[in-house]
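Numbering that gives the first Met the number 0 applies: residue 0 is where the sequence shown begins, and numbers increase by one. Beta carbons are placed, not taken as given, at the ideal position from N, Cα and C, and that holds for glycine. Remember, it's a predicted structure, so these values are computed and weren't measured experimentally. Structure, as structure tokens:
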Amino acid sequence: MRAPELRLYCFIDALGWKLAEQHGFLQDLLVTRAPLGTLLGYSSTCDPSILTGKLPREHGHFSFFYYDRLGSPLRWLSPLRWLPKQLTSRGRVRHWISKLVAKAYGYTGYFQLYNVPFEAMAYLNYSEKRDIYQSGGILGGQATFLDRWRASIPYALSNWRHSEERNLQSLTQDLGRPQRAYLYLAAMDAVLHRDGTQAASVRQKLQWYEKQLRQLVDRASGHYDQVKLYLFSDHGMTDVVRSLDLRTPLERMPLVYGQDYVAVIDSTVARFWFLKPEAERQIRDWLSGVAGGHLLSEQELHAYGCDFPGHFYGQLWYLADPGVLFCPGHLGEKPLAAMHGYDPEHPDSPGFFGASHEMSQTPAGLCDLYDLFCQDLP
Ligand SMILES: [Zn+2]
0 MRAPELRLYC FIDALGWKLA EQHGFLQDLL VTRAPLGTLL GYSSTCDPSI
50 LTGKLPREHG HFSFFYYDRL GSPLRWLSPL RWLPKQLTSR GRVRHWISKL
100 VAKAYGYTGY FQLYNVPFEA MAYLNYSEKR DIYQSGGILG GQATFLDRWR
150 ASIPYALSNW RHSEERNLQS LTQDLGRPQR AYLYLAAMDA VLHRDGTQAA
200 SVRQKLQWYE KQLRQLVDRA SGHYDQVKLY LFSDHGMTDV VRSLDLRTPL
250 ERMPLVYGQD YVAVIDSTVA RFWFLKPEAE RQIRDWLSGV AGGHLLSEQE
300 LHAYGCDFPG HFYGQLWYLA DPGVLFCPGH LGEKPLAAMH GYDPEHPDSP
350 GFFGASHEMS QTPAGLCDLY DLFCQDLP
């Protein structure tokens, strides 16, 4: 028996509006196409907004690391700083330690120690300890659209731990049962970071997505009277033009991490907390004179929805200019060909939104997707 309708919501990480239009991505299938406004931050900021329809200051997610001296669950990792750096700076070793920590604490979310020095761990907490795609995963306690689906309708949800091939396969096998499906495809982000937006590998990856999605919609049409495809991304991608090392000059200042200040240097945003007023003066003075970015004002943070209660993601934020990569930082050590997490208004930043049918109004930004996911629920 054929089911009446499938609404298929497909997420492709880092498929920017510019990239999709440059390649005419699924031009014939997606008749509605529009840029989708993004947020300041990374997938760790954007995905909770997609799930809840709320701004970062409301759902409480921005970056993975934040200052929390009294509550740091990572404190016991600090003795690892005495181990040889050649060992503890290796990606594979850090990945392995991250897995052990996640297991020991029962973390269900995406947990990675990245390049954060072990001596800094005693002062930091981690935002995504719980799986944000499961109930109760959002720090601010908000329900997600998936909670609404769980309560009302047969649905399918990809597992973000699985490969794209596996997620496509399990949805294909499930066709006929769910009335709504959330397909999670996140592998292109890494290809873009590695090779840049104009690489042949990016074109190949887009062609692969086109083939897979055409096939999926085709198969779905055999099971449903109507198939509506919505396709969107969280952010775009900017080619990196230069690296900026903030870490070395910061470590050379006559200040002590954990005593005078605490810092987390993400790829495009450096955030600082001050334990002594003198440290704030010195760091502020230094950053005001560094070319390649600017200090964010309270007004800018408010406009970005990143004015977090108690400044818990940082008392001072320094944002990189588009194309500048903070490297080496606390998250990445190696240079990348492309990055995101710049000014959301920059032409490279918006994500893509597309639908397989005419729409009178398209979502303007990530927070508007929530209403689309929940439209017409019983
Ligand atoms: Zn990325």
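C-alpha gap between residue i and residue j, whole angstroms
i, j, result
"ASP259", "ARG246", "16 Å"
"PHE372", "ALA219", "19 Å"
"LEU318", "MET187", "24 Å"
"PRO276", "LEU294", "17 Å"
"ALA101", "HIS22", "39 Å"
"LEU182", "LEU174", "12 Å"
"TYR132", "LEU145", "7 Å"
"GLN206", "ARG179", "25 Å"
"GLY364", "PRO78", "44 Å"
"SER71", "LEU38", "27 Å"
"PHE24", "GLU209", "7 Å"
"THR171", "PRO3", "17 Å"
"ASN124", "PHE64", "6 Å"
"HIS234", "ASP224", "32 Å"
"ARG160", "VAL190", "17 Å"
"GLN211", "ARG165", "12 Å"
"GLN314", "TRP272", "5 Å"
"SER162", "GLY257", "39 Å"
"LEU76", "ASP217", "50 Å"
"ASP370", "GLY136", "20 Å"
"LEU335", "HIS192", "6 Å"
"TYR8", "ASP284", "47 Å"
"TRP148", "ARG176", "14 Å"
"ILE264", "ALA150", "40 Å"
"SER296", "ILE152", "44 Å"
"GLY244", "TYR104", "Per the sequence presented here, residue 244 reads as Asp, with Gly not at that position. Straight-line Cα distance between these residues: approximately 33 Å."
Residue of the options minimising C-alpha distance to residue i
i, options, result
"ASP12", "ALA278, SER232 and PHE273", "SER232"
"GLY195", "ARG93, LEU14 and PHE351", "LEU14"
"PRO248", "ALA262, MET187 and ARG241", "ALA262"
"PRO253", "THR267, VAL92, ALA278 and SER71", "ALA278"
"ASP142", "VAL92, VAL268, GLU344 and LYS53", "The residue asked about is misnamed: residue 142 is Ala in this sequence, not Asp. Checked all of VAL92, VAL268, GLU344 and LYS53; the closest Cα to ALA142 is LYS53."
"TRP81", "ALA119, SER62 and GLY70", "ALA119"
"GLY328", "LEU376, GLY304, PRO362 and ARG270", "ARG270"
"GLN26", "LEU38, PHE351, GLU299 and PRO362", "PHE351"
"SER134", "LEU123, PRO334, LEU243 and GLY108", "GLY108"
"VAL74", "ASP347, GLY340 and PRO116", "A small correction: the amino acid at residue 74 is Arg; Val does not occupy that position in the sequence shown. It is PRO116."
"CYS326", "SER242, TYR154, LEU167 and SER157", "SER242"
"SER359", "THR31, TRP159 and GLY257", "THR31"
"ALA121", "TYR66, ARG89 and ARG147", "TYR66"
"ARG89", "ALA354, HIS345, LEU330 and LEU335", "LEU330"
"LYS204", "ALA19, PRO308, ALA302 and ASP130", "ALA19"
"GLN281", "CYS9, VAL255 and ARG176", "VAL255"
"PRO349", "ARG1, GLY36, LEU5 and GLN374", "GLY36"
"GLU344", "CYS366, ALA302 and ARG68", "ALA302"
"LEU156", "GLY140, ILE137 and LEU184", "LEU184"
"LEU138", "ARG93, ARG68 and LEU50", "LEU50"
"CYS366", "PHE10, CYS45 and TYR104", "CYS45"
"ASN158", "SER97, SER151, GLN168 and ALA33", "GLN168"
"HIS94", "TYR104, ALA103 and LEU112", "LEU112"
Integer-rounded CB distance, given that residue j should sit under 8 Å from residue i
i, j, result
"GLY288", "VAL323", "At roughly 15 Å, the Cβ-Cβ gap does not stay under 8 Å, so GLY288 and VAL323 are not in contact."
"SER43", "HIS60", "6 Å"
"CYS305", "PRO55", "5 Å"
"VAL239", "ALA337", "6 Å"
"LYS84", "TYR106", "Not quite, the Cβ-Cβ distance comes to about 26 Å (not below 8 Å), so this is no contact."
"PRO362", "THR237", "With 8 Å as the limit, PRO362 and THR237 do not qualify as a contact, their Cβ atoms being about 22 Å apart."
"GLU332", "ASN114", "5 Å"
"HIS356", "TYR41", "Incorrect: roughly 31 Å between the Cβ atoms, too far for contact."
"ASP347", "LYS17", "6 Å"
"LEU29", "LEU230", "6 Å"
"LEU215", "ALA354", "At roughly 15 Å, the Cβ-Cβ gap does not stay under 8 Å, so LEU215 and ALA354 are not in contact."
"LEU5", "VAL226", "5 Å"
"HIS222", "ARG68", "About 54 Å; that fails the 8 Å criterion."
"GLN110", "SER97", "Strictly speaking, residue 110 in this sequence is Phe, with Gln absent from that position. Confirmed, about 6 Å."
Any non-hydrogen atom of ligand 3 closer than 7 Å to residue i Cβ
i, result
"MET338", "This structure lacks ligand 3; its bound ligands are ligand 1."
Cβ of residue i within 8 Å of any chain C Cβ
i, result
"HIS301", "Of the protein chains in this structure there is only one, and it is not chain C."
May I have a chain-ordered list of the beta strand (DSSP E) segments no shorter than 3 residues that lie completely inside the region 77-150? Counting whole runs of 3 or more residues, the region 77-150 contains the beta strand (DSSP E) stretches 123-125.
In the region 239-295, which residue ranges form an unbroken beta strand (DSSP E) of at least 3 residues, counting only runs that do not cross its ends? DSSP runs (the beta strand (DSSP E)) wholly in the region 239-295: 241-243, 260-264, 268-273 and 292-294.
Report the residue ranges of all beta strand (DSSP E) runs contained in full by the region 332-369; include only those spanning at least 3 residues, in chain order. For the region 332-369, the continuous beta strand (DSSP E) assignments of 3+ residues that do not extend past its boundaries occur at 350-354, in sequence order.
Whose beta carbon lies closer than 6 Å to any heavy atom of ligand 1, going through the chain in order? The answer, residue by residue, is ALA13, ASP188, HIS192 and HIS339.
Within the region 7-38, ranges of the beta strand (DSSP E) (whole runs, at least 3 residues): Residue ranges of uninterrupted beta strand (DSSP E) with 3 or more members, entirely inside the region 7-38 and ordered along the chain, are 31-35.
Continuous alpha helix (DSSP H) assignments of at least 4 residues falling wholly in the region 146-201: Fully enclosed alpha helix (DSSP H) runs of 4 or longer: 163-173 and 187-194.
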